[in-house]
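S.K.:
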Amino acid sequence: MRRPSAFLLVMLALGLAFLYGPIASVIVYSFNASRLVTVWAGFSTEWYGVLLHNQQIKDAALVSFTIALMAATGALVLGTLAGYALARYPRFRTRWLFGAMLTSPLVMPEVITGLSLLLLFVALERATGWPEGRGILTITLAHITVGLSYVAVVIAARLESFDRSLEEAALDLGARPFKVFCVITLPLIAPALAAGWLLAFTLSIDDLVIASFTTGPAATTLPMVIFSSVRLGVSPQINALATIIIAVVAVLVFAAGRLLAPRNQES
Amino acid sequence: MTAFSRRWAVLAPPYLWLGLFFLVPFLIVLKISLAEQTIGIPPYTPLLVRDASGWHLQAGLANYLFLLGDSLYARAYLNAIKYAAIATSGCLLLGYPMAYAVARAPETWRARLLLLIILPFWTSYLIRVYAWIGLLKGNGIVNNALIALGLIHDPLPLLNNSFSVILGLIYSYLPYMVLPLYAALEKLDPILLEAASDLGARPARAFWRVTLPLSLPGVAAGALLVAIPMVGEFVIPELLGGPGNLMIGKVLWDEFFTNRDWPVASAVAVAMLAFLVLPMAWVRRLVAREAG
């Protein structure tokens, strides 16, 4: 096996420094005593204390978390079905339409998705009375729609790469297809299910644009609060909040890596 | 249950969901882009109007003519395409060597290096863009450091210009570029490069004639994956750009939230989509090939 050349290693190091430098600067300056974020005035955890008493941010975090839990779970159910269809039904009428509707959300600019879903919710409410107003429910529906595409792609890739003889053996032994799916297929794709759920959860909790379009006065998510604060300039409270988010994500990703890695190696 | 009904039991829920929440909304956008703005709820005119003589279709291309008539929209459109093209090239120039280094690293290292590259993607996107404000602004970290080192006397204008927008785009989308490049480069058989070297090709020539052509599918996938969403980007021009750096995604946002002109916002969306629909079809083919 050829080793990477010195040039490639330098580029990799530069690239990683580029990716992590700004994140590190946010973390360092969250412990800055000065209100002027970028002028260092000594170590302090003052802004974490201020943040803990910010009711608006705590409420928004709860709203975001609720939406992300529901959206990731809905996206997992629908996305698993869609990924299964994508991998196992190579030929059916209108597969092109199904494939197009499934893969377009992966690259669709968020402003278009957000605007079109809002217009749908307004039209639906006028025609049927549901969904009544806009808020947590409409954001969740929007996030399920985007998340299910990501889940489907992850599931389909996993289904392509595993050995089908186990499923065939179970069918030969007389198990019904639904039972085969539950007892054989689902456990085998469990790492992909976990990865897909996490991906949908992250997309939902991180989303600003689609949520801004599809919400109403009733619900404000965490990214909306961060955005309206950031628009006015840098703020030490946002640095502290960012540091907490980064810490939580890092712990979760490493925990997920630990949990999923051994199973990945087996198969 | 027959195979046929089983198949549709699997297909129907996601199919109906996507039809209702993905396809129908676009038809509504198209419809409203042909209407006119009014004051009321909803703030647009109906397409079908009934009077004494029956139903009348009331649709027009006025919004599209309006977009064509005001050079602001054309400029924002072209700016978005220009920034996306430059930033995609930047992602490629930085991402390709990174992906190649990971693909050539010892096998035990690869998963860890990839995780390091993807990890920033899992942390909040908004906060990663925000971090650049603190770095680049007039009394920000970069300018303060340069002044402290005595390299400059007055702060450099690093924020609110096309430089900061393009930097933000490259930074935010880099991981999306590295992943498909890595997938393509990892599949490359090292025996091909050995053969090229045995036949007398220098490393640079072997790269241009063997590695690069074989990794082109990864280049195409990465470029599409970052360029399409970049064109519609809103957060980056809003937070890192100045008044001269309008992008079409920000124009759509302002039409909707500031001017409350739903029909013009819809027309902007349709115009953007018309430009992006072909690259999107290409993405579908790439995904279909990956998934079998």
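Protein chains in written order, with my numbering: chain A, 114 to 380; chain B, -4 to 287. Positions of the beta carbon are idealized from the N, C-alpha and C atoms, including for glycine.
In chain order, what residues of the same chain have a beta carbon less than 6 Å from the beta carbon of residue 362 of chain A, not counting five sequence neighbours either side?
M.R.: Start at 1 with the first residue of the first sequence, and residue 362 of chain A comes out as number 249. Nothing meets the Cβ criterion.
S.K.: From what residue to what residue does the alpha helix (DSSP H) around residue 153 of chain A run?
M.R.: In the first sequence, the residue the question calls residue 153 of chain A occupies position 40. Looking at the DSSP string, residue 153 of chain A is not in any alpha helix (DSSP H), and its letter there is neither H nor E.
S.K.: Given this structure, state the Cα-to-Cα distance separating residue 206 of chain B from residue 143 of chain A, to the nearest angstrom.
M.R.: As a first step, residue 206 of chain B must be located in the second sequence, where it is residue number 211. As a first step, residue 143 of chain A must be located in the first sequence, where it is residue number 30. Straight-line Cα distance between these residues: approximately 44 Å.
S.K.: Quick one: what's residue 46 of chain B bridged to in DSSP?
M.R.: To locate residue 46 of chain B, count along the second sequence from 1; it is residue 51. In the DSSP output, where bridge partners are listed per residue, residue 46 of chain B has B:49.
S.K.: Going by DSSP in three states, residue 138 of chain B sits in which element: helix, strand or coil?
M.R.: Position 143 of the second sequence, counted from the start, is the residue given in the question as residue 138 of chain B. Three-state DSSP puts residue 138 of chain B in a helix.
S.K.: Under 8 Å Cβ to Cβ from residue 146 of chain A, same chain only, skipping five residues before and after it: list those, please.
M.R.: Locating residue 146 of chain A in the first sequence gives position 33, counting from the first residue. Contacts found: 154, 155, 156, 157 and 159.
S.K.: How many angstroms separate the CA atom of residue 185 of chain A from the CA atom of residue 113 of chain B?
M.R.: Position 72 of the first sequence holds residue 185 of chain A. Position 118 of the second sequence holds residue 113 of chain B. So the two alpha carbons sit approximately 20 Å from each other.
S.K.: Within a Cβ cutoff of 7 Å, which residues of the same chain sit near residue 287 of chain B, ignoring the five residues on either side of it in sequence?
M.R.: In the second sequence, counting from the first residue as 1, residue 287 of chain B sits at position 292. Residue confidence is low: residue 287 of chain B scores 45 on pLDDT, short of 50, so the model does not pin down where it sits. Its coordinate-derived value is still stated next. Result list for residue 287 of chain B: empty, nothing under 7 Å.
S.K.: Taking the C-alpha atoms as reference points, what is the distance between residue 174 of chain A and residue -2 of chain B?
M.R.: As a working note, residue 174 of chain A is residue 61 in the first sequence. As a working note, residue -2 of chain B is residue 3 in the second sequence. Those two C-alpha atoms are separated by around 45 Å.
S.K.: How about residue 242 of chain B and residue 71 of chain B: are their beta carbons less than 7 Å apart?
M.R.: Counted from its first residue, the second sequence places residue 242 of chain B at position 247. Counted from its first residue, the second sequence places residue 71 of chain B at position 76. The answer is yes: Cβ separation under 7 Å.
S.K.: What are the residues of the stretch 278 to 290 of chain A that lie near chain B, defined by any Cβ-Cβ distance shorter than 7 Å?
M.R.: Taking 7 Å as the Cβ-Cβ cut-off against chain B, the residues of the stretch 278 to 290 of chain A that qualify are 290.
S.K.: For residue 279 of chain A, I'd like the list of residues in its chain whose CB is within less than 7 Å of its CB, leaving aside the five on either flank, ordered along the chain.
M.R.: Locating residue 279 of chain A in the first sequence gives position 166, counting from the first residue. Once the five neighbours on either side are set aside, the close Cβ partners of residue 279 of chain A are 297.
S.K.: If we count the other Cβ atoms within 10 Å of its Cβ and call it buried at 16 or more, is residue 166 of chain A buried or exposed?
M.R.: For the purposes of this step, residue 166 of chain A is identified with residue 53 of the first sequence, where counting begins at 1. Per the 10 Å Cβ criterion, exposed.
S.K.: Leaving out the 5 sequence neighbours to the left and right, which residues in its chain are closer than 7 Å to residue 129 of chain B when beta-carbon positions are compared?
M.R.: Along the second sequence, read from residue 1 onward, the residue named residue 129 of chain B stands at position 134. The answer, listed in chain order, is 135 and 136.
S.K.: How would you call residue 32 of chain B, buried or exposed, if buried means at least 16 neighbouring beta carbons within 10 angstroms?
M.R.: On the second sequence, residue 32 of chain B is found 37 positions in, with the first residue counted as 1. It is buried - the Cβ of residue 32 of chain B has at least 16 other Cβ atoms within 10 Å.
S.K.: Would you decide whether residue 242 of chain A is buried or exposed? Buried here means 16 or more other CB atoms lie within 10 Å of its CB.
M.R.: What you label residue 242 of chain A is simply residue 129 of the first sequence in a count that begins at 1. Looking at its Cβ environment, which holds fewer than 16 other Cβ atoms inside 10 Å, residue 242 of chain A is exposed.
S.K.: Closer than 7 Å, Cβ to any Cβ of chain B: which residues of the stretch 256 to 269 of chain A, in chain order?
M.R.: Taking 7 Å as the Cβ-Cβ cut-off against chain B, the residues of the stretch 256 to 269 of chain A that qualify are 258, 261, 266 and 269.
S.K.: Locate the alpha helix (DSSP H) running through residue 193 of chain B, then write down its first and last residues.
M.R.: As a first step, residue 193 of chain B is located in the second sequence; it is residue number 198 there, counting from the start. Residue 193 of chain B -> alpha helix (DSSP H) spans 185 to 193.
S.K.: Would you call the CB atoms of residue 231 of chain A and residue 328 of chain A closer than 7 Å?
M.R.: Taking the first residue of the first sequence as position 1, residue 231 of chain A is located at position 118. Taking the first residue of the first sequence as position 1, residue 328 of chain A is located at position 215. No, the pair does not count as a contact, with Cβ atoms beyond the cut-off.
S.K.: If we cut at 7 Å on Cβ distances, does residue 230 of chain A have a partner in chain B?
M.R.: Taking the first sequence and counting its residues from 1, the one referred to as residue 230 of chain A is at position 117. Yes, its Cβ sits closer than 7 Å to a Cβ of chain B.
S.K.: Can you give me, in chain order, the residues of the stretch 148 to 161 of chain A that have a beta carbon less than 8 Å from any beta carbon in chain B?
M.R.: Listed by position along the chain: 149, 150, 151 and 152.
S.K.: Quick check on residue 186 of chain B: buried or exposed, where buried means 16 or more other Cβ atoms within 10 Å of its Cβ?
M.R.: Against the second sequence, residue 186 of chain B aligns to sequence position 191. Exposed, by the Cβ-count rule.
S.K.: Which residue from B:250, B:90 and B:110 puts its Cα closest to that of residue 122 of chain A?
M.R.: The count along the first sequence starts at 1 and reaches residue 122 of chain A at position 9. Cα-wise, what sits closest to residue 122 of chain A is B:90.
S.K.: Hey, is residue 287 of chain B's beta-carbon within less than 7 Å of any beta-carbon in chain A?
M.R.: Locating residue 287 of chain B in the second sequence gives position 292, counting from the first residue. Unreliable placement is indicated for residue 287 of chain B, whose pLDDT of 45 sits below 50; no coordinate value is reported for it.
S.K.: May I have the straight-line CA-CA distance separating residue 287 of chain A from residue 202 of chain A, to the nearest angstrom?
M.R.: Locating residue 287 of chain A in the first sequence gives position 174, where the first residue counts as 1. Locating residue 202 of chain A in the first sequence gives position 89, where the first residue counts as 1. If you take the alpha carbons of residue 287 of chain A and residue 202 of chain A, they lie about 22 Å apart.
S.K.: Any beta carbon from chain A within less than 7 Å of residue 73 of chain B's own beta carbon?
M.R.: Along the second sequence, read from residue 1 onward, the residue named residue 73 of chain B stands at position 78. For residue 73 of chain B, the answer is no, since every Cβ of chain A falls outside 7 Å of its Cβ.
S.K.: Cα separation between residue 266 of chain A and residue 275 of chain A?
M.R.: As a working note, residue 266 of chain A is residue 153 in the first sequence. As a working note, residue 275 of chain A is residue 162 in the first sequence. So the two alpha carbons sit approximately 15 Å from each other.
S.K.: Select from B:267, B:87 and B:260 the residue whose C-alpha is nearest the C-alpha of residue 214 of chain B.
M.R.: Reading the second sequence from its first residue, position 219 is the one you call residue 214 of chain B. When only C-alpha atoms are compared, the closest one is B:87.
S.K.: Note down, in chain order, all residues in the stretch 155 to 170 of chain B with a beta-carbon under 8 Å from any beta-carbon belonging to chain A.
M.R.: Residues passing the 8 Å Cβ filter: 166, 169 and 170.
S.K.: Comparing C-alpha positions only, which one of A:247, A:253, A:120 and A:357 sits nearest to residue 164 of chain A?
M.R.: For the purposes of this step, residue 164 of chain A is taken as the residue at position 51 of the first sequence. It is A:357 whose Cα lies nearest to the Cα of residue 164 of chain A.
S.K.: For residue 167 of chain A, list the residues DSSP reports as bridge partners.
M.R.: Taking the first sequence and counting its residues from 1, one reaches residue 167 of chain A at position 54. DSSP output for residue 167 of chain A lists no bridge partner at all.
S.K.: Check whether the stretch 152 to 167 of chain B touches the stretch 108 to 125 of chain B, counting contact only when three or more Cβ pairs, one atom from each stretch, lie closer than 8 Å.
M.R.: Yes: the two stretches touch, three or more of their Cβ pairs being nearer than 8 Å.
S.K.: So residue 223 of chain B and residue 162 of chain B are in contact, right, with Cβ under 8 Å, and what is the actual spacing, rounded?
M.R.: Looking up residue 223 of chain B in the second sequence gives position 228. Looking up residue 162 of chain B in the second sequence gives position 167. Contact flag wrong, Cβ pair sits at about 20 Å.
S.K.: Classify residue 99 of chain B: buried if its beta carbon has 16 or more other beta carbons within 10 angstroms, exposed otherwise.
M.R.: By one-based count along the second sequence, residue 99 of chain B stands at place 104. It counts as buried.
S.K.: Quick check: is the beta carbon of residue 172 of chain A nearer than 7 Å to any beta carbon in chain D?
M.R.: The structure shown contains no chain D; its protein chains are A and B.
S.K.: Less than 7 Å between the beta carbons of residue 173 of chain B and residue 235 of chain B, yes or no?
M.R.: Indexing the second sequence from 1 puts residue 173 of chain B at position 178. Indexing the second sequence from 1 puts residue 235 of chain B at position 240. Cβ atoms of residue 173 of chain B and residue 235 of chain B: not closer than 7 Å.
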